[in-house]
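Contents: one structure, followed by commentary.
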Amino acid sequence: MTSFSEAVYAIVRQIPAGKVATYQDIARLLGNPKAARVVGAAIAHNPDSATIPCHRVVGSDGTLHGYAFGDGLPAKQALLQQEGVTFTGKKVDLPTFRWYHTKYV
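My numbering puts the first residue of the sequence shown at 150, with every later residue one more than the last.
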């Protein structure tokens with residue numbers, strides 16, 4: 150595991166249940182807002198979904214992207230819904246459920 154991946158996982162662990170962050174949000178917190186795809190690659194290799202809640206990371210428009218656990222995106226959506234996150238169509242209601250790290254509050 151790279152130090153970049155470890156930094157990504159450290160941030161993802163901070164996202165509380167019932168909230169989501171975007172790949173770009175995480176890249177921005179790491180000091181490189183253009184690294185959203187690299188964040189996605191790190192999340193795709195999540196070694197432990199029980200302690201690293203990667204289901205809480207979504208696209209910049211609220212769209213769900215890749216999920217390597219369970220039955221994929223349906224599992225990701227179900228986990229978010231169990232936490233109280235609602236969707237408009239196939240997108241998370243970002244204005245309501247987006248998590249803002251205290252670094253940006």
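The beta carbon of each residue, even a glycine, is placed where N, CA and C say it ideally should be.
As the structure is a computational prediction, the values presented were derived from the model and not from experiment.
Here phenylalanine 218 is exposed. Its C-beta has fewer than 16 other C-beta atoms within 10 Å.
For the 8 Å CB-CB criterion, valine 161 and alanine 176 do not form a contact.
At the C-beta level, alanine 193 and glycine 215 come within 8 Å of one another.
Counting only runs that start and end inside the stretch 156 to 183, the alpha helix (DSSP H) elements of at least 4 residues fall at 172 to 178.
Of all alpha-carbon atoms in Thr251, Gly238, Glu155 and Asp242, the one lying nearest the alpha-carbon of asparagine 195 is that of Glu155.
Judged by DSSP in its simplified three-state form, phenylalanine 246 adopts helix. Taking a 10 Å sphere around the C-beta of alanine 166, we find fewer than 16 other C-beta atoms and assign the residue as exposed. Take the alpha-carbon of threonine 235 and the one of leucine 243: they are about 9 Å apart.
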